[in-house]
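Before any comments, here is the structure.
Protein chains: 2
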Amino acid sequence: MNDHVNIYKDVSLINKKSKAAFKIISLSNSNDRNLAILNTAEIIKTNINNILAANEIDINNAKDKNLNNAFIDRLMLNGDRINNIILGLINISKMDDPLGCELARWKQPNGLDISRVSVPLGVIGIIYESRPNVTVDAGSLCIKSGNTVILRGGSDSIYTSRIFTQFLREGLLSANLPSDTVQMVDSTNREAVSAMLQAVGEIDVIIPRGGKSLVEKIQKEARVPVFAHLEGICHVYIDSEADIEKAIKIVVNSKMRRTGICGALETLLIDKKISKNVIPILAHKLRAKGCQLKGDEETILIDKDINLAFDVDWKTEYLDAILSIKIVDGVNGAIKHIEEYSSHHTECIITENKNTADIFLSKVDSAIVMHNASTQFADGGEFGMGAEIGISTGRIHARGPVGAAQLTSFKYIVRGKDQIRD
Amino acid sequence: MNDHVNIYKDVSLINKKSKAAFKIISLSNSNDRNLAILNTAEIIKTNINNILAANEIDINNAKDKNLNNAFIDRLMLNGDRINNIILGLINISKMDDPLGCELARWKQPNGLDISRVSVPLGVIGIIYESRPNVTVDAGSLCIKSGNTVILRGGSDSIYTSRIFTQFLREGLLSANLPSDTVQMVDSTNREAVSAMLQAVGEIDVIIPRGGKSLVEKIQKEARVPVFAHLEGICHVYIDSEADIEKAIKIVVNSKMRRTGICGALETLLIDKKISKNVIPILAHKLRAKGCQLKGDEETILIDKDINLAFDVDWKTEYLDAILSIKIVDGVNGAIKHIEEYSSHHTECIITENKNTADIFLSKVDSAIVMHNASTQFADGGEFGMGAEIGISTGRIHARGPVGAAQLTSFKYIVRGKDQIRD
Numbered sequence: 006m007n008d009h010v011n012i013y014k015d016v017s018l019i020n021k022k023s024k025a026a027f028k029i030i031s032l033s034n035s036n037d038r039n040l041a042i043l044n045t046a047e048i049i050k051t052n053i054n055n056i057l058a059a060n061e062i063d064i065n066n067a068k069d070k071n072l073n074n075a076f077i078d079r080l081m082l083n084g085d086r087i088n089n090i091i092l093g094l095i096n097i098s099k100m101d102d103p104l105g106c107e108l109a110r111w112k113q114p115n116g117l118d119i120s121r122v123s124v125p126l127g128v129i130g131i132i133y134e135s136r137p138n139v140t141v142d143a144g145s146l147c148i149k150s151g152n153t154v155i156l157r158g159g160s161d162s163i164y165t166s167r168i169f170t171q172f173l174r175e176g177l178l179s180a181n182l183p184s185d186t187v188q189m190v191d192s193t194n195r196e197a198v199s200a201m202l203q204a205v206g207e208i209d210v211i212i213p214r215g216g217k218s219l220v221e222k223i224q225k226e227a228r229v230p231v232f233a234h235l236e237g238i239c240h241v242y243i244d245s246e247a248d249i250e251k252a253i254k255i256v257v258n259s260k261m262r263r264t265g266i267c268g269a270l271e272t273l274l275i276d277k278k279i280s281k282n283v284i285p286i287l288a289h290k291l292r293a294k295g296c297q298l299k300g301d302e303e304t305i306l307i308d309k310d311i312n313l314a315f316d317v318d319w320k321t322e323y324l325d326a327i328l329s330i331k332i333v334d335g336v337n338g339a340i341k342h343i344e345e346y347s348s349h350h351t352e353c354i355i356t357e358n359k360n361t362a363d364i365f366l367s368k369v370d371s372a373i374v375m376h377n378a379s380t381q382f383a384d385g386g387e388f389g390m391g392a393e394i395g396i397s398t399g400r401i402h403a404r405g406p407v408g409a410a411q412l413t414s415f416k417y418i419v420r421g422k423d424q425i426r427d
Numbered sequence: 006m007n008d009h010v011n012i013y014k015d016v017s018l019i020n021k022k023s024k025a026a027f028k029i030i031s032l033s034n035s036n037d038r039n040l041a042i043l044n045t046a047e048i049i050k051t052n053i054n055n056i057l058a059a060n061e062i063d064i065n066n067a068k069d070k071n072l073n074n075a076f077i078d079r080l081m082l083n084g085d086r087i088n089n090i091i092l093g094l095i096n097i098s099k100m101d102d103p104l105g106c107e108l109a110r111w112k113q114p115n116g117l118d119i120s121r122v123s124v125p126l127g128v129i130g131i132i133y134e135s136r137p138n139v140t141v142d143a144g145s146l147c148i149k150s151g152n153t154v155i156l157r158g159g160s161d162s163i164y165t166s167r168i169f170t171q172f173l174r175e176g177l178l179s180a181n182l183p184s185d186t187v188q189m190v191d192s193t194n195r196e197a198v199s200a201m202l203q204a205v206g207e208i209d210v211i212i213p214r215g216g217k218s219l220v221e222k223i224q225k226e227a228r229v230p231v232f233a234h235l236e237g238i239c240h241v242y243i244d245s246e247a248d249i250e251k252a253i254k255i256v257v258n259s260k261m262r263r264t265g266i267c268g269a270l271e272t273l274l275i276d277k278k279i280s281k282n283v284i285p286i287l288a289h290k291l292r293a294k295g296c297q298l299k300g301d302e303e304t305i306l307i308d309k310d311i312n313l314a315f316d317v318d319w320k321t322e323y324l325d326a327i328l329s330i331k332i333v334d335g336v337n338g339a340i341k342h343i344e345e346y347s348s349h350h351t352e353c354i355i356t357e358n359k360n361t362a363d364i365f366l367s368k369v370d371s372a373i374v375m376h377n378a379s380t381q382f383a384d385g386g387e388f389g390m391g392a393e394i395g396i397s398t399g400r401i402h403a404r405g406p407v408g409a410a411q412l413t414s415f416k417y418i419v420r421g422k423d424q425i426r427d
C-alpha cells in the first residue's frame, strides 16, 4: 500500500515537473530546440562506448533471464545502430518547425481576421517495450514539437533508456532549455504505468509502443487520450487489371521485407478472374523466400500445397513469414472483406485501372490506403516525417504515422479593429 | 437490474445502427447531404404549428415542475426562433463540403505521391440539456460532415427534441440517405448517458452541451473521447497603450451583451499605469448597465463602491452581470494571472501597440486569443463555421469552436508507381 501511494506520488511529481517545463519549451524558438537535438547527437557520438557498456548490462540481464534471441537482437545496440540514431537526430533537427504554422486564415464580413495556428500539444507520455531507439526518437520528436515527454520504457532496457535520457537532458541544458522537457519514470514498478494512464489533467496524451498485449492493456485502462494501433492486419488486393509482374514484386516485398513490422502484409486478396494465373507464380516466389501459405477453399483448389485458412486467419496479424490468401469478386469483394477484417492500418490495391484504384482509395476506411506500392512504406520515416513516434488507427487527432506535426494542437488568433458583437 | 441491462442493450443497439448508417453516409456525396439538410428546413417550415404544439407540452411540463423562468425561456420556441433554426439549416447547406479536402500533399524522393485527405469522424454522441435548437444544429452539422449522430437531450425538452429528430430523419430519407444517420436516445433514464459514455468502439466522440455540472460528470465518467469545455473564465486585459474609449466599448460588450454565454468576460485585467483613469469611467458605464463590480485591493482604493474580490472570484465563471477587476503590472502581469486562473477558453488584449499584442497572442495558451475585439465573438457562427456543435478547451483534435470541419478525421492516400521498400 505504501509502495502504491509512493509510485503514484512519484509519477505525479514527474508530471508536474513536465507541465512546468512545458510552459518554457512550448514558447521556445525552434533554433534552440534544434540545437538541443543536434547537441544530443554530438553527446551520443562522443559517448558511444558508454552507451554500449550500458546496453551490455541490459543484454546480460536479458541473457540471464533466458529471453529469446529475437528479443535480445531488438534490444542490442552496436556502432551501426547508434549511428542510425545519430542520423535520425540530425534529420529531425533539419525538418521544418511544426509550430507557429498558419493552418488557415480568413476574414469575416465584419473585418475580424481569424487564423488557426499550430501550438504544442502538451505533456506526452510514452510507454514502450524494450527498444532502445524509442527513447531517442520519442524524446527528440517531442523536443522538436515543443512538447514535454515522460518516458516509461521496458524494464529490460532500463540501463540503455537511462543513458539516452541523460544525454537528451544534457542536450536540452546545453541549449538553455529545461532538462525536464525529457524525463524518465525510472522504476520497474508496473503501477507506474497505471499512474500515468490515470493522470487526467497532468498528461495530455499517451502513446504506447509495443505489442498487442501492451497496447490492449493501455487502451483498456487509460483515462488519458491514447494514440495507438492495436495491430496491423494489412491487405493487398490484386485486381484483374493488375500488371502481374509488378503485383508479385509488390506482394513479395509487402510480406517478406520485414515480417515483424505493423505495415507488413498479412492477407492477400486476389480477383477471381486472375487467380488461376497469379497464384502458382506467387506461391512459387513466396515459398522460395520461406513464406508459409494459407488460403480459402478456392485457393487450395489451385495449389494443393497451400493449407486451408480458417476464419481466425483473416483476423490474425502473423508478424511472421505466413500469408493468408483469399479469392474475391473484384474490387467490391475486396472492400467487403477489408471492411470486415481490417484493423484499419494500411491496405493497398494493385491495378493499372485508375478508376478501380479510386474506388478502393475512397471507399476503404483505413489510416493509409495505397495504390501500386508496398505496404512496408507505412512508416513515418518513409512518409517524410523524419521519424515517427507511433502509428495510430484511431480517428481522433492523429491517424496513421505520428510525427512532429501530429504532436501539435492549435489555437485561434483573432485580430480585430475594435469590433463588438450586436 | 433488468432496467440497467435493458438500457445498455437499447443504447448498444442504437450505436450499432449508427455504425451501419455511417458506412453509407460517410461515402455519400455532398449534394445529397445538403439536400437532406434543405429538405429538413422545408419540413420544419411546413410544420411550425406541430413544433409549437410539441414544445408547448415541454413548456407545460416545465411549469408544472416549477422550473424557473430563465429555464423556461431557453426551452421555449416561437416563430422567430424556429425561423432562426431554418436559416441555420440553409446556411449549413451552403457551406463548403468539409470532406475530401486535400489537407496536404507531397512527393517523396522515391516518387511516392502522398496526400492527407479529410474523412468523416464517425459516430458522434451529443449529450445536452434542454435546449431545443441543439437537436437541429448538432444533427445537421453531423449530416453535413458525413458523420452519424446519437442525440440524448434533456428530459425537459423531450417532445421538442423528438419532433426535430423525426424531421431530420425525414429529411435524410427524402434525399435517399439512411434515417439512422440521426437517432435519439428516447429515454429519460439517466443510465442511458452512462451507457453512451462507456461505448468504446461504438461511439467515436462525445460532445456535451450544457452547464458545468453536466460537463464535469461527463468528463469524469467518459471512456470515449470528449470534446468540451468545462467553463469559460474569459479575460480582457486593457494595456496602458489602449485607446480608452475603444477599450470601454469592448469591455462593456464582452461582459454585458449576453452574460450567460461561455465567451462572456468574467475577469478584467487593467495595467496599473492607466487604472486610475480607466476604472472610474468603466465603473460608471458598467453600473449603468446593471453590472455588479468586484476588485482587488488596489481597485477598491480607486473606487470605494467596488466590493473586494477574493481568490474565489478569479476562479468563478459568474455567467451573470458581475465583473471582477484586477490591476496588473503590464502585459506580463496579465499573462501571469491568466496562466493561473484561466480556463483556456478565450482571452483578449486591448492595446494600440502591435508588439505588445503579439506577445499576448503568442504567450497566452488558450483556445482563442484576441486583439481589440469583444470576447462575445468566441462562437462558431461568428467564426464563419455556419454553426457550432460546441466549444472545446481540450488540446486533442478540436480546440475552440467545433464546426463541421472539426468533425472530420483524415486518411493518407499513397499513390505509387510500383515502388518497393529496400
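Chains A and B are the protein sequences, given in the same order. Just add 5 to the spot in the first sequence (first one is 1) and you have the working numbering. Just add 5 to the spot in the second sequence (first one is 1) and you have the working numbering. Ideal placement from N, C-alpha and C gives every residue a C-beta, glycine not left out. The model shown is predicted, which means the values in this text are computed figures rather than measured ones.
From B/Ile343 to B/Ser379, what distance separates their C-alpha atoms?
17 Å
Taking C-alpha atoms, which residue in A/Asn20, A/Cys267, A/Arg110 lies nearest to A/Phe415?
A/Arg110
Own chain residues within Cβ distance below 6 Å of B/Phe365, not counting five before or after:
Val336, Ile354
Listed in chain order, which residues of the region 29-54 of chain A have Cβ atoms closer than 9 Å to some Cβ of chain B?
Ser31, Leu32
How big is the Cα-Cα spacing for B/Ser329 and A/Thr165?
53 Å
Determine the burial state of B/Val10: buried for a count of at least 16 other Cβ atoms within 10 Å of its Cβ, exposed for fewer.
exposed
Three-pair Cβ contact test at 8 Å for the region 86-95 of chain A versus the region 393-404 of chain A:
no
Just to confirm my understanding: we take A/Arg157, look at its own chain, exclude 5 residues before and 5 after, and list those with CB closer than 8 Å. What are they?
Gly130, Ile131, Ile132, Tyr133, Met189, Val190, Ala197, Val198, Met201
Own chain, CB closer than 6 Å to B/Val220, minus 5 neighbours either side, in chain order:
Pro213, Ala233, Leu235
Find out if the Cβ-Cβ distance for the pair A/Thr361, A/Asp318 is shorter than 9 Å.
no
Grab me the residues of B/Arg228's own chain with a C-beta within less than 7 Å of its C-beta, minus the 5 sequence neighbours each way, in chain order.
Leu202, Gln203, Val205
Counterpart residues of A/Asp118 in DSSP-defined beta bridges
A/Lys112, A/Arg420
Should the region 173-189 of chain A be regarded as contacting the region 73-81 of chain A, the criterion being three or more beta carbon pairs within less than 8 Å?
no
Counting contacts by CB-CB distance shorter than 9 Å, is B/Met6 in contact with chain A?
Here B/Met6 scores only 48 on pLDDT, less than 50, and its place in the model is too uncertain to base an answer on.
Applying a beta-carbon distance threshold of less than 9 Å, which residues of chain B neighbour A/His463?
With chain A covering 6 to 427 only, the question about residue 463 of chain A has no answer from this structure.
Can you list the residues of chain A that B/Phe388 reaches, using a CB-CB cut of under 7 Å?
Ile119
Could you check if B/Arg420 is buried or exposed, using at least 16 other CB atoms within 10 Å of its CB as the buried criterion?
buried
Tell me B/Gln188's beta-bridge partners as DSSP assigns them.
B/Ile155
Just to confirm, are B/Ile286 and B/Gly300 a CB contact at a threshold of 9 Å?
no
Just the chain A side, please: which residues come within less than 8 Å of B/Asn258 by C-beta, in chain order?
Ile425, Arg426
To which residues of the same chain is B/Leu126 closer than 8 Å at the C-beta, ignoring the five residues directly before and after it?
Ser150, Asn152, Asp209, Val210, Leu412, Thr413, Ser414
Using a Cβ-Cβ cut-off of 9 Å, state whether B/His402 counts as contacting chain A.
yes
Check for me: the alpha helix (DSSP H) holding B/Ser397 runs from which residue to which?
Segment 395-397 is the beta strand (DSSP E) holding B/Ser397; no alpha helix (DSSP H) there.
With distances taken from CA atoms, which of B/Asp370, B/Gly144, B/Leu117, B/Ser259 is nearest A/Val122?
B/Asp370
Given A/Gly265, which residues of its chain have a CB within under 7 Å of its CB, disregarding the five upstream and five downstream residues?
Leu324
Between which residues of its own chain and B/Ser120 is the CB-CB distance below 6 Å, once the five residues before and five after are set aside?
Glu107, Arg110, Ile418
Return the Cβ separation of B/Ala75 and B/Asp161 in integer angstroms, given the expectation that the two are a contact with Cβ distance under 8 Å.
Their Cβ separation, rounded to whole angstroms, is 13 Å, which puts B/Ala75 and B/Asp161 out of contact at 8 Å.
Can you list the residues of chain B that A/Ser379 reaches, using a CB-CB cut of under 7 Å?
Gln424, Ile425, Arg426
Once you ignore the five residues that flank A/Ile468 on each side, which residues in its own chain have a CB closer than 6 Å to its CB?
Summary: the structure shown does not reach residue 468 of chain A, with chain A confined to residues 6 through 427, and so no result is reported for it.
Go to A/Ala41, then tell me how far its alpha helix (DSSP H) extends in each direction, as first and last residue.
35-50
Below 7 Å CB to CB, which residues in the same chain sit around B/Asn115 once its five sequence neighbours on both sides are set aside?
Gln424
Under the assumption that B/Ile396 contacts B/Cys267 (Cβ atoms under 8 Å), give the Cβ distance between them as a whole number of angstroms.
6 Å
Give the DSSP-derived three-state secondary structure of A/Met6 in the structure shown.
With a pLDDT of only 48 at A/Met6, under the threshold of 50, the placement of this residue in the model should not be trusted, and no figure is reported.
First and last residue of the uninterrupted alpha helix (DSSP H) at A/Asn337
335-346
Considering only their Cβ atoms, is the gap separating A/Ile49 from A/Gly391 smaller than 9 Å?
no
Mind listing the chain A neighbours of B/Gly405? Cutoff is C-beta to C-beta under 9 Å, in chain order.
Arg121, Phe415, Lys416, Tyr417
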